[in-house]
Amino acid sequence: MDYFIYLAQLSGIFIILAVSLNLINGICGQFSLGHAGFWAVGAYTGAAFTVFLDLPVPGFVNLFLSCGVSFIAAALAGLLIGVPCLRLRGDYLAIATLGFGEIIRIVIMNMDSVGGPRGFTDIPKLANIGWVYLWVVIIIVFVSNLLRGSHGRAIISIREDEIAAESMGIYTFKYKTLAFVIGAGFAGVAGTLYAHTQEFISPMGFTFMWSVIILLMIILGGLGSITGSVVGAIILTLLPEFLRFFGQTVSEWRMVIYSLLLISLMLARPGGIFGKHEFNVLKFLGIGKKEEANS
Amino acid sequence: MSSPILKIDSITMRFGGLVAVNRFSMELGSKDLVGVIGPNGAGKTTIFNMVTGHYEPTEGTVYLSGKNINGLRPAFITQSGIARTFQNIRLFKDLTVLDNIRLAAHYTVEYGLLANIFRTKKYHAEEKRVHDEAMELLKIFGLEDKKYHLAKNLPYGQQRRLEIARALATKPKVLLLDEPAAGMNPKETKDLTELIRWVRDKFQIAVLLIEHDMKLVMEVCERIYVVDHGELIAQGAPKDIQSNPKVIEAYLGTSETEETGPTPGEA
Amino acid sequence: MDENLTFFFYDLVTYLLNGLTQGSIYALIALGYTMVYGIIKLINFAHGEFYMIGAFIGYFSITSGMPFLIALPLAMFGAGIIAVIVEKIVYRPIRHAGRIPALITALGTSLFFQYFGQQTIGADPKAFPQAIAVKTYQFGEIYISNIQLIIFGSTFLLMVFLWWLVGHTKIGKAMRATSFDKNAAELMGINTDRIISFTFFVGSAFAGAAGVLVGLYYNTVEPMMGLIPGLKAFVAAVLGGIGIIPGAVLGGLVLGVAENLVVGFWVSTYRDAIAFGILIIILLFKPAGLLGVNRKEKV
Chain X
1 MDYFIYLAQL SGIFIILAVS LNLINGICGQ FSLGHAGFWA VGAYTGAAFT
51 VFLDLPVPGF VNLFLSCGVS FIAAALAGLL IGVPCLRLRG DYLAIATLGF
101 GEIIRIVIMN MDSVGGPRGF TDIPKLANIG WVYLWVVIII VFVSNLLRGS
151 HGRAIISIRE DEIAAESMGI YTFKYKTLAF VIGAGFAGVA GTLYAHTQEF
201 ISPMGFTFMW SVIILLMIIL GGLGSITGSV VGAIILTLLP EFLRFFGQTV
251 SEWRMVIYSL LLISLMLARP GGIFGKHEFN VLKFLGIGKK EEANS
Chain L
1 MSSPILKIDS ITMRFGGLVA VNRFSMELGS KDLVGVIGPN GAGKTTIFNM
51 VTGHYEPTEG TVYLSGKNIN GLRPAFITQS GIARTFQNIR LFKDLTVLDN
101 IRLAAHYTVE YGLLANIFRT KKYHAEEKRV HDEAMELLKI FGLEDKKYHL
151 AKNLPYGQQR RLEIARALAT KPKVLLLDEP AAGMNPKETK DLTELIRWVR
201 DKFQIAVLLI EHDMKLVMEV CERIYVVDHG ELIAQGAPKD IQSNPKVIEA
251 YLGTSETEET GPTPGEA
Chain U
1 MDENLTFFFY DLVTYLLNGL TQGSIYALIA LGYTMVYGII KLINFAHGEF
51 YMIGAFIGYF SITSGMPFLI ALPLAMFGAG IIAVIVEKIV YRPIRHAGRI
101 PALITALGTS LFFQYFGQQT IGADPKAFPQ AIAVKTYQFG EIYISNIQLI
151 IFGSTFLLMV FLWWLVGHTK IGKAMRATSF DKNAAELMGI NTDRIISFTF
201 FVGSAFAGAA GVLVGLYYNT VEPMMGLIPG LKAFVAAVLG GIGIIPGAVL
251 GGLVLGVAEN LVVGFWVSTY RDAIAFGILI IILLFKPAGL LGVNRKEKV
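Residue numbers (my numbering), protein chains in the order written: chain X, 1 to 295; chain L, 1 to 267; chain U, 1 to 299.
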């Protein structure tokens with residue numbers, strides 16, 4: 001039972017990561033391959049905050065404070081990286097963010113105070129499923145409300161046609177940076193939740209591979225769809241566990257299966273499972289029109 | 001002419017060794033309807049791109065209401081009052097007609113990010129204003145019943161209209177139309193002619209258009225500038241332009257060097 | 001001369017030589033990156049994997065008793081053929097879906113080969129057989145091995161070959177035409193699909209050669225060996241100006257030397273950060289690369 005709760009908790013953390021990356025990649029259309037870097041910044045900042053500061057407050061307060069601190073730290077990292085990089089487009093941006101993600105990891109590897117290559121140990125287990133899903137709700141409400149307003153529309157317009165957006169008086173650089181910084185910040189929150197779930201983090205846990213896996217989650221679900229990110233995150237968190245039921249062999253081959261899945265998904269449905277669509281309960285029940293007319 | 005709303009002062013654009021536009025100047029009064037014509041590759045769109053900030057002129061200056069706007073980002077130029085359409089329509093194809101218009105009003109929205117997230121009172125009030133203004137504009141352009149259609153699903157002529165409506169939603173003082181009649185049939189071109197004149201009268205703005213379709217330009221413009229090889233070769237009223245030998249040469253590419261051909265003002 | 005200065009000089013030359021060796025390898029891989037990018041505008045993330053495949057073909061053929069001079073062309077041929085198959089099955093169908101799906105597919109292909117290799121060959125490094133006995137030549141305090149000389153020599157020969165192929169043959173002309181304007185080339189009767197396959201073949205064969213040479217130089221091969229050199233070769237290609245063949249060579253050499261100087265005179269743990277640091281600086285300040293020309297985006 002504990003194991004299932006743990007998996008649910010892990011899924012929640014990956015939902016936060018996927019939705020936050022989706023804001024950057026899917027909704028704003030800025031192809032980032034450095035999300036694991038922001039995740040790492042958040043994880044290490046959060047862990048350092050609780051371990052080194054050790055504030056005399058109840059655990060959950062400490063966790064919440066560390067979430068705030070990690071958000072700010074990762075968002076700042078996002079700002080530092082985003083401002084120079086977001087002038088680049090398409091695959092060049094992807095490569096630059098990949099480079100920064102790796103640099104972040106290499107810098108952490110060289111920081112002895114947080115364990116360097118050995119990893120950061122003895123982090124208190126402050127996160128539980130409730131706190132994780134509270135943050136899941138926060139990010140989903142945050143992003144979907146954002147998309148219902150003018151700022152969100154401005155972010156979407158960049159994905160649609162950056163030159164046209166700029167011509168319509170939208171300062172695209174500002175909104176690209178905004179999406180990037182918010183996305184990075186939430187990845188930071190996911191980091192601190194992860195650190196306080198696992199009790200141990202190491203630089204090897206935040207490699208470029210993880211940026212790819214988070215990307216895979218949002219592509220699986222459909223770039224731009226929040227529902228898709230949630231589903232994609234859950235599927236890819238549980239898939240390795242699920243593969244275990246098929247025995248040792250299948251489980252060992254899971255990365256091969258992952259990669260084949262990724263390739264065949266791209267060949268069959270380059271837009272992902274959900275495309276850009278959202279699963280809307282109201283629409284599903286046939287009363288969606290009303291909602292739309294009021295928005 | 002009173003003081004011009006848009007003044008282009010001898011702008012030059014060089015791409016490497018290629019001079020795309022050479023010392024082009026023009027002035028536009030606040031309610032003028034002016035055309036820029038010229039053969040393919042004459043540098044017309046480059047002039048637009050310099051005015052709207054997509055390119056920064058290598059030399060020369062663009063003034064809007066007397067203010068130098070060189071080097072401003074396109075977004076800020078739009079915000080200060082120049083809107084444009086594109087030669088190859090650049091709508092937000094996968095967004096609704098309504099969203100296309102609402103995006104153009106984005107910079108006028110007065111609530112901040114947090115108000116957006118928490119959906120405050122101000123957010124609702126502003127969203128209503130933007131929505132209503134957008135609907136009003138769509139009604140004028142006969143697109144109100146298509147507001148939830150995706151832009152890419154509109155027929156071609158309506159896409160052109162939507163692009164003009166979207167440009168107007170930015171509340172411009174000067175509207176730049178880049179080959180608005182491209183790809184239109186004669187009937188659509190005729191409607192467009194009416195529309196352009198009507199837009200100028202209704203919104204009381206200056207309109208500058210680049211066009212290939214001579215008929216449209218001759219019919220609608222009050223003044224015409226002719227560019228060839230990046231140089232201004234003639235300017236004046238449509239009638240004078242029509243009979244200007246330099247213009248005829250640029251268009252028909254005659255190699256004859258009859259400098260003393262039929263005179264202007266004959267017709 | 002001051003004794004410290006002498007040592008500094010010897011160190012410097014040694015690091016430079018090591019850097020050039022490393023850089024030759026990067027250059028060989030970068031050539032394929034640049035050729036493929038030049039022709040279909042795809043960042044072929046899986047390119048490093050062809051280098052790994054080449055290394056393993058070399059490993060197996062030398063272990064089974066083949067001489068180096070046969071193993072090297074065999075590895076090149078094998079890596080090239082596998083690349084052509086990958087291009088046919090995976091990249092060709094995705095080519096029209098846009099650049100980002102293509103990029104993701106390339107990532108997937110890269111992961112596939114890495115993990116497939118781990119599962120079939122084993123994740124642990126294998127000792128590459130010493131096909132050629134190492135000899136070290138000494139000049140004062142400067143050492144250079146025959147392996148290094150072989151790497152320089154092979155790299156040089158391969159580059160001359162490529163220069164001839166692209167610049168002075170009919171198929172080279174077709175490659176240039178395809179990369180300049182695919183549709184126009186098609187209209188001129190060039191079978192662009194075949195040219196693209198051929199480009200993959202040549203580029204990956206070069207990566208395969210790099211794989212064998214690295215096996216010879218460092219004496220180990222493993223399934224994950226393509227990841228970092230692949231990324232760095234990409235950096236080299238961008239550094240020189242992606243799509244430009246001499247740029248890839250220049251970029252590879254500069255990167256190899258820069259890394260070895262930093263590792264030699266400063267700290268080795270930041271080795272991998274150098275490449276990414278250079279990449280970012282280039283992207284931000286001269287995105288077209290050292291030999292490239294900046295172009296404005298058409299509105």
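C-beta: ideal position from N, C-alpha, C; glycine also.
Proximal chain U residues relative to residue i, where beta-carbon distance stays under 9 Å
| i | result |
| --- | --- |
| Asn110 of chain X | Val267, Thr269, Tyr270, Ala273 |
C-beta atoms of residue i and residue j nearer than 8 Å
| i | j | result |
| --- | --- | --- |
| Ile5 of chain X | Ile129 of chain X | yes |
| Met218 of chain L | Pro238 of chain L | yes |
| Arg269 of chain X | Leu103 of chain L | no |
| Leu126 of chain X | Asn62 of chain X | yes |
| Ile214 of chain X | Val143 of chain X | no |
| Ile281 of chain U | Ala96 of chain X | no |
| Leu260 of chain X | Leu216 of chain X | no |
| Gln159 of chain L | Ala151 of chain L | yes |
| Tyr175 of chain X | Arg73 of chain L | no |
| Ser24 of chain U | Gly252 of chain U | yes |
| Val226 of chain L | Ile37 of chain L | yes |
| Gly183 of chain X | Ile24 of chain X | yes |
| Gly46 of chain X | Val69 of chain X | yes |
| Val300 of chain X | Gly12 of chain X | A question about residue 300 of chain X goes unanswered here, because the residues of chain X that appear run from 1 up to 295. |
| Ala8 of chain X | Trp210 of chain X | no |
Closer than 7 Å at the beta carbon, the chain U residues around residue i
| i | result |
| --- | --- |
| Leu311 of chain X | Missing from the structure shown is residue 311 of chain X; chain X here goes from 1 to 295 and no further. |
| Val256 of chain X | Phe112, Tyr115, Phe116, Gln119 |
| Asn160 of chain X | The sequence given here has Glu at residue 160 of chain X, not Asn. Those within 7 Å of Glu160 of chain X in chain U number zero; the least Cβ separation is about 14 Å. |
DSSP bridge partner residues for residue i (one or two, in chain order)
| i | result |
| --- | --- |
| Asp178 of chain L | L:Ile210 |
| Phe24 of chain L | L:Ile11 |
| Ala127 of chain U | U:Thr220 |
| Phe56 of chain U | Answer is none; Phe56 of chain U lacks a bridge partner. |
| Ala36 of chain X | Ala36 of chain X is not bridged to any residue. |
| Tyr225 of chain L | L:Val36, L:Gln235 |
| Ala83 of chain L | L:Leu175 |
| Lys67 of chain L | L:Leu64 |
| Leu284 of chain U | Partner(s): none; Leu284 of chain U has no beta bridge. |
Where residue i meets chain U, residues with beta-carbon distance less than 8 Å
| i | result |
| --- | --- |
| Leu134 of chain X | Residues of chain U passing the Cβ test: none, with the nearest at roughly 32 Å. |
| Val212 of chain X | Leu107, Leu111 |
Partners in chain X for residue i, counting only beta-carbon separations shorter than 8 Å
| i | result |
| --- | --- |
| Tyr123 of chain L | Gly149 |
| Ala79 of chain U | By Cβ distance, chain X contributes nothing, its closest Cβ being about 19 Å from Ala79 of chain U, past 8 Å. |
| Pro287 of chain U | Leu88, Tyr92 |
| Leu261 of chain U | Chain X residues near Leu261 of chain U: none, gap ~18 Å exceeds 8 Å. |
Contact test: residue i Cβ vs the ligand FMN heavy atom, cutoff 7 Å
| i | result |
| --- | --- |
| Gly264 of chain U | The ligand FMN is absent from the structure shown, which contains no ligands of any kind. |
Chain-ordered chain L contacts of residue i [CB-CB under 7 Å]
| i | result |
| --- | --- |
| Leu146 of chain X | Asn116, Ile117 |
Contacts of residue i in chain L (Cβ-Cβ under 8 Å)
| i | result |
| --- | --- |
| Phe186 of chain X | Chain L residues near Phe186 of chain X: none, gap ~13 Å exceeds 8 Å. |
Beta-carbon neighbours of residue i, restricted to chain X and to distances below 9 Å
| i | result |
| --- | --- |
| Ala134 of chain L | Those do not exist, as Ala134 of chain L stays about 11 Å from chain X at its closest Cβ, beyond 9 Å. |
Residues that residue i contacts on chain X, provided the C-beta gap is smaller than 7 Å
| i | result |
| --- | --- |
| Arg160 of chain L | Ordered by position in chain X, no residue passes the 7 Å Cβ test against Arg160 of chain L, which lies about 14 Å from the chain. |
At least three beta-carbon pairs within less than 8 Å, the stretch 230-244 of chain U to the stretch 30-37 of chain U: yes
Flag this pair as touching only if the stretch 105-116 of chain X and the stretch 69-87 of chain L have three or more C-beta atom pairs under 8 Å; answer yes or no. no
Within the stretch 146-214 of chain X, ranges of the alpha helix (DSSP H) (whole runs, at least 4 residues): 150-160, 162-167, 172-198
Output the residue ranges of the alpha helix (DSSP H) runs that lie fully inside the stretch 86-134 of chain X and measure 4 residues or longer, sorted by chain position. Complete alpha helix (DSSP H) runs here, min 4: 90-109.
For the stretch 120-140 of chain L and the stretch 191-205 of chain X, state whether three or more C-beta atom pairs, one from each stretch, are separated by less than 8 Å. Too few Cβ pairs lie closer than 8 Å, so no.
Just checking, does the stretch 200-220 of chain L make contact with the stretch 10-25 of chain L on the three C-beta pairs under 8 Å criterion? Verdict: no, contact absent.
Is the number of C-beta pairs between the stretch 97-106 of chain X and the stretch 220-239 of chain X that are closer than 8 Å three or more? no
Across the stretch 75-95 of chain X and the stretch 211-225 of chain U, are there enough close Cβ pairs to call them in contact, namely three or more that are closer than 8 Å? no
List in chain order: all unbroken alpha helix (DSSP H) runs of 4+ residues lying wholly within the stretch 109-168 of chain L. 113-118, 121-140
Contact between the stretch 219-238 of chain U and the stretch 81-89 of chain X (3+ Cβ pairs under 8 Å): no
Could you give the uninterrupted runs of the beta strand (DSSP E) lying entirely in the stretch 78-162 of chain U, keeping only those of 3 residues or more? If we require 3 residues or more, the beta strand (DSSP E) runs fully inside the stretch 78-162 of chain U come out as 136-139, 142-145.
Check whether the stretch 93-111 of chain L and the stretch 150-168 of chain X are in contact - that is, three or more C-beta pairs closer than 8 Å. yes
Inter-stretch contact (C-beta, 8 Å, three-pair minimum) for the stretch 52-69 of chain U and the stretch 262-271 of chain U: no
Does the stretch 238-251 of chain L touch the stretch 48-59 of chain L, meaning 3 or more C-beta pairs lie closer than 8 Å? no
Count the C-beta pairs between the stretch 162-180 of chain U and the stretch 5-15 of chain U that are closer than 8 Å, then say yes if the count reaches three, no if not. no
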